[in-house]
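Remarks on the structure that follows.
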Amino acid sequence: MKFKDQFRTGWRNLSRQKLRTSLTIFAIVIGAVSVTVMLSLVTSAKGFLMSSFEKTGEDRRVIVTPVTGLDYGEARWQTWSDGSGKKIDDAAIAALAAVPGVTSATPIVGAQYYDSAKSANAEVSVSNSFMLGYLANGSVTRYVTHGRVLEAADDNGGVLISRSLAEGLGFKDNLEAALGQKITLKPRKDFSEVMKDVEVTVVGVMFADGDAIDMTLKFALDTAPAFERCEGGGPNSQTTCTKESDVLRNGYPSAYVNIENKDNADAIVDEVKKLGYGAAAGQEEISAQSQAFTILGAVLGGIGGIALLVAAIGVINTMVMATLERTREIGIMRATGATKRTVRSLFTVEAGVLGFMGGIFGILLSFGVAILLNGVLNQQLEDGGISERNIVSIPPPIAIVVILVTTLIGMIAGRLPARRAANLDPVEALRYE
Amino acid sequence: MALIQCTNLKKVYTVGGEEVRALDGVSLAVEAGDFIAICGPSGSGKSTLANVIGGLDQPDSGSVVVEGMDLAEAKDKQLSEYRNKHIGFVFQSFNLQAHESALENVISPLVLGGAGKKKERVAKGMAALARVGLTDRAKHKPTELSGGQRQRVAIARALVNEPSLIIADEPTGNLDSSRGADVMKELERLNGEGITLLVITHDPTVAARAKRVIEIKDGKITETAGAR
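Protein chains in written order, with the numbering used here: chain A, 7 to 439; chain B, 10 to 237.
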C-alpha cells in the first residue's frame, strides 16, 4: 500500500472519531506547548543574559584583585582595600595593560555613600546609596541610555546617574534634560560621618544593571578629590582617609582589565595570576550562569516531557480503542489483500498523524503564548528603561524538533496497538461482532 | 493441471478443551472455470476449507498448490498478495466498510495492493460496478443500499482485480429468496465469463446450480456429485 494512501486512510479514520481524536491531540498539544514554552523561555532568558554580558563588556573583562582566590562575583565587590594582598598601584595598572591581549586596565575605587542629591528642580533623599568610581578613560561601558560614558574630560565632577535618580531629580518626563545639569550631593563616610557637599555634572543617564543598587551613581575616579579626598572607606573602617593616602598605602581595591578576545580570558587570568594578583574572568560568571540555565532547561523541559509522556499514554489508549472497534474492518482489509505489515503501518501512521497534529497545534499555540508573554514583558522592559523588546522567541530548531518528537512519540505509542491489529487472525477478525 | 490442488489437508481447532477436526485429510482439485458448491452442516469444516483455499487460513498439514506455490508454506506477504490478486471473497454478511462509498469499497483491494493511480483505480472500480449493474450507486454508502445491492457491491469488489477464483461463503444467506436468486444469477454469469466459482452453502437450490457439489462432514469429503 502506498504511503500516500496510508496517510489518507489514517486521516480519514481519525476524522471518523472527531471528539476522541481532538481530545487525544489536545493532550499532545499540552505536552508540546509545555516543552516548547519551557525550553524557549530558558533559551530566551539565556540569550538575553548573554547579550547583557556583551553589552556591559563583562564577557571580555577580567577583574584583578590584590588578594587571590576570589571568584568573579566576589571580585566585583572589591571596591575598597584594607592593604592585604599584593598592592595594585599605578605601575601595576601599567603592567596589566601591557599584558598581551589586554586592551586596557582601569583601577576601580569605591566607594562613597550619599544621603541626598539635589538638582535645580528637586531634591531626592536616598540614604546611603552607593557611588562607584572609575578611571575616566571610558573603557567601562554600562547601560548608558542617555548621554555618554565617562571620559577623561569628566575629571572634574562628571557623573553618570541612574534613571531612578534622574527621575527623582525631576527629569522623569525628559531624561535628556538631565544631561549637563549640575547636582549637589551630600556624601557620607562610613554610613555616618557627614561630609561637605559636592557639586557634580550629569554626563549620562544609565539603566541600573545587575550589580547596581537602584540609586547608584558613578563618577570619574579623578572626581574623587572633590569628595574631600575621602573615598575608599569600607563599611567597617573607622579611620578617615584621603584618596591619596588610601591608594598610596593600600593600592587600588581592584582593577578591571578589558581583553581583546573573550576566548583568551583563561590565558589572561593565568598571566595576571603570575603577576601575583587574584584574577577572575567575567567568562567564569557567564559560563556558570549559562550552565545554570542549561540545568534549568533540562529540568523544565523534563517537566514538559512528563506532559508529553502522559499524552503518549492517551495515544496508546485511543489506538487500542480503535483496533478494538475496527477488528472487523481489519479482517476485511486482510481478506482483500492487506498484509500484516500494511495493517501495522496503517495504525502506526494514524498514531503518527495524531502526534504530528499535536506538535503542529502545540507550536502554533506556543507562538501565541510567546506573543502574550512578550506583551507583558515589553511593558516591564519599557518601564525599566531597557531598549530590548520581544525577548521571548521560539527558536525554529526547537519548533521543528518538538514537531518531530511528538510525531515520533505518536508512532512509538501506536506501535503496540498497531502490532496487535496486525497480528489479529483474519478469520477470527471477520467473525468479530 | 488444476487451478488449485489441495492434498490431504488437516486442521484441528481446540474449542473449550475439545479438539475439533475442521479438516481431516481433504484432497480436492479445483479446475479453472469450475463452479463448485461445498455443502455440509455447520461446523463441518466447509468454511475452513474455503478459507484455506482463499489463503485466509493455513492448514496444519497438507498442501494447497496454486501456480506452483504451496499456500500451506507461504509467508504472510505472499498469502496477502494471493488474496489481493487471485481471490475475490464474497461473504454472507457482505463485509463492506460502512464508512466508505460503494466505489471506495470496490477499489479498496487496488488501494491495499498499491496498484495504479487514483484515476485508473476509479475507472476499474466503475467498470466492476458496471458489471453488477450498480454504476448509479457508486457514491452511496452501504447503509443507503438494499441487501441485494450490498452483495452486488461486494461482488464488484471481488471482481475488481480480475481474480481467477471467487469464493462466496453463504452469499445468499442474508437475502430473501428473490434477491438471493439475483445474486446467484450474477455469480453464474461471471462463471460463464470464465471466473472459477467456489460457493459454500447449505441451500439446496444454490447447490443445484453448481457444476460440482462437494459434501463435507466432520472435516471429511463424504460425497462428490458430478456435473449436472
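In this text, a Cβ means the ideal position worked out from N, Cα and C, and glycines have one as well.
>> Can you tell me whether A:Asn-93 is helix, strand or coil according to DSSP?
In response: Note on identity: in this sequence residue 93 of chain A is Lys, with Asn being the wrong assignment. A:Lys-93: coil per DSSP, three-state reduction.
> Which runs of the alpha helix (DSSP H) fall wholly inside the stretch 319–363 of chain A and span at least 4 residues, in chain order?
Replying inline: For the stretch 319–363 of chain A, whole alpha helix (DSSP H) runs of length 4 or above, ordered along the chain, are 333–341.
> With a Cβ-Cβ cutoff of 9 angstroms, do B:Gly-63 and B:Leu-174 count as a contact?
Replying inline: yes
> Would A:Thr-329 pass as a contact of A:Phe-353 if the rule is Cβ separation under 9 angstroms?
Replying inline: yes
>> Can you pull the chain A neighbours of B:Gly-123, defined as C-beta to C-beta under 8 angstroms?
In response: In chain order: Met-7, Lys-8 and Asp-11.
>> Measuring straight from C-alpha to C-alpha, what distance separates B:Gly-52 and B:Ala-31?
In response: 7 angstroms
> Given a threshold of 16 other Cβ atoms within 10 Å of its Cβ, counted over all protein chains shown, does A:Glu-457 qualify as buried or as exposed?
Replying inline: Shown here, chain A extends from 7 to 439; a query on residue 457 of chain A therefore has no answer.
> B:Ile-176 bridges to which residues according to DSSP?
Replying inline: In the DSSP output, where bridge partners are listed per residue, B:Ile-176 has B:Phe-98 and B:Leu-207.
>> Can you pull the chain A neighbours of B:His-149, defined as C-beta to C-beta under 8 angstroms?
In response: Those within 8 angstroms of B:His-149 in chain A number zero; the least Cβ separation is about 17 angstroms.
> Span of the beta strand (DSSP E) holding B:Asp-33?
Replying inline: 27–39
> Who are the Cβ neighbours of A:Val-316 in its own chain at under 8 angstroms, not counting the five residues just before and after it?
Replying inline: Correct list, in chain order: Ala-33 and Gly-37.
>> Does the CB of B:Lys-86 have a neighbour CB from chain A at under 9 angstroms?
In response: yes
> Excluding five sequence neighbours on each side, which residues of the same chain lie with their C-beta closer than 6 angstroms to the C-beta of A:Glu-182?
Replying inline: His-152
> Quick one: Cα of A:Asn-143 to Cα of A:Ala-273, how far?
Replying inline: Here the model assigns A:Asn-143 a pLDDT of 44, short of 50, so the residue's position is not dependable and the matter cannot be decided.
> Out of A:Thr-42, A:Leu-102 and A:Val-35, which has the shortest C-alpha to C-alpha gap to A:Leu-281?
Replying inline: For the options A:Thr-42, A:Leu-102 and A:Val-35, the alpha carbon positioned closest to that of A:Leu-281 is the one of A:Leu-102.
> Looking at A:Ile-392 and A:Gly-257, is the spacing between their C-beta atoms short of 9 angstroms?
Replying inline: no
>> Tell me the DSSP secondary structure of B:Glu-232 in three-state form.
In response: DSSP places B:Glu-232 within a strand segment (E or B) once states are collapsed to three.
> Considering A:Ala-261, what are the terminal residues of the beta strand (DSSP E) in which it resides?
Replying inline: Judged by DSSP secondary structure, A:Ala-261 falls within the beta strand (DSSP E) whose first and last residues are 260–265.
> By DSSP, does A:Arg-82 sit in helix, in strand, or in coil?
Replying inline: coil
> Which two residues bound the contiguous beta strand (DSSP E) that contains B:Ala-46?
Replying inline: 44–48
>> Please list the terminal residues of the continuous beta strand (DSSP E) segment that includes B:Thr-23.
In response: 13–24
> Under 7 angstroms Cβ-Cβ, which residues of chain B neighbour A:Gly-16?
Replying inline: Chain B residues near A:Gly-16: none, gap ~13 angstroms exceeds 7 angstroms.
> Which chain A residues sit within Cβ distance under 8 angstroms of B:Gln-106?
Replying inline: Glu-335 and Ile-338
> What does B:Phe-98 touch in chain A if you count any residue whose Cβ is under 8 angstroms from its own?
Replying inline: Taking a Cβ-Cβ threshold of 8 angstroms, the residues of chain A close to B:Phe-98 are Ala-341 and Thr-342, in chain order.
>> Would you say A:Leu-330 lies against chain B (beta-carbon separation less than 9 angstroms)?
In response: no
> In the stretch 154–192 of chain A, which residue ranges form an unbroken alpha helix (DSSP H) of at least 4 residues, counting only runs that do not cross its ends?
Replying inline: 169–172
> Does B:Arg-237 come within less than 9 angstroms of chain A when only Cβ atoms are used?
Replying inline: Unreliable positioning characterises B:Arg-237 in this predicted model, as indicated by a pLDDT of 48, which lies under 50. A coordinate reading is not provided.
>> Give me the subset of the stretch 21–33 of chain A whose CB atoms are less than 7 angstroms from a CB atom of chain B, sorted by chain position.
In response: Arg-22
> Are the beta-carbon atoms belonging to B:Val-75 and B:Ala-163 less than 9 angstroms from one another?
Replying inline: In this structure, B:Ala-163 does not lie closer than 9 angstroms to B:Val-75 by Cβ.
> So which residues on chain A does B:Leu-65 lean against when the C-beta distance must stay under 7 angstroms?
Replying inline: Residues of chain A passing the Cβ test: Ala-341, Pro-432 and Val-433.
>> Just to confirm the assignment, what range does the beta strand (DSSP E) spanning A:Ser-40 have?
In response: Here A:Ser-40 belongs to no beta strand (DSSP E); instead the alpha helix (DSSP H) covers 24–62.
> What in chain A is Cβ-close to B:Asn-60, meaning under 8 angstroms?
Replying inline: Ordered by position in chain A, the residues that pass the 8 angstroms Cβ test against B:Asn-60 are Val-433.
> Are A:Ile-400 and A:Ser-372 touching if we call contact CB-CB under 9 angstroms?
Replying inline: The Cβ atoms of A:Ile-400 and A:Ser-372 sit closer than 9 angstroms to each other.
> Expressed to the nearest angstrom, what Euclidean distance is found between the alpha-carbon atoms of A:Ser-293 and A:Ser-46?
Replying inline: 19 angstroms
>> Using only the alpha-carbon positions, how far apart do A:Asn-242 and A:Val-132 sit?
In response: Caution is warranted here: a pLDDT of 39 is assigned to A:Asn-242, below 50, making its placement in the model unreliable, and no coordinate value can be reported.
> Does the beta carbon of B:Glu-90 come closer than 9 angstroms to any beta carbon on chain A?
Replying inline: Yes, B:Glu-90 counts as interfacial toward chain A.
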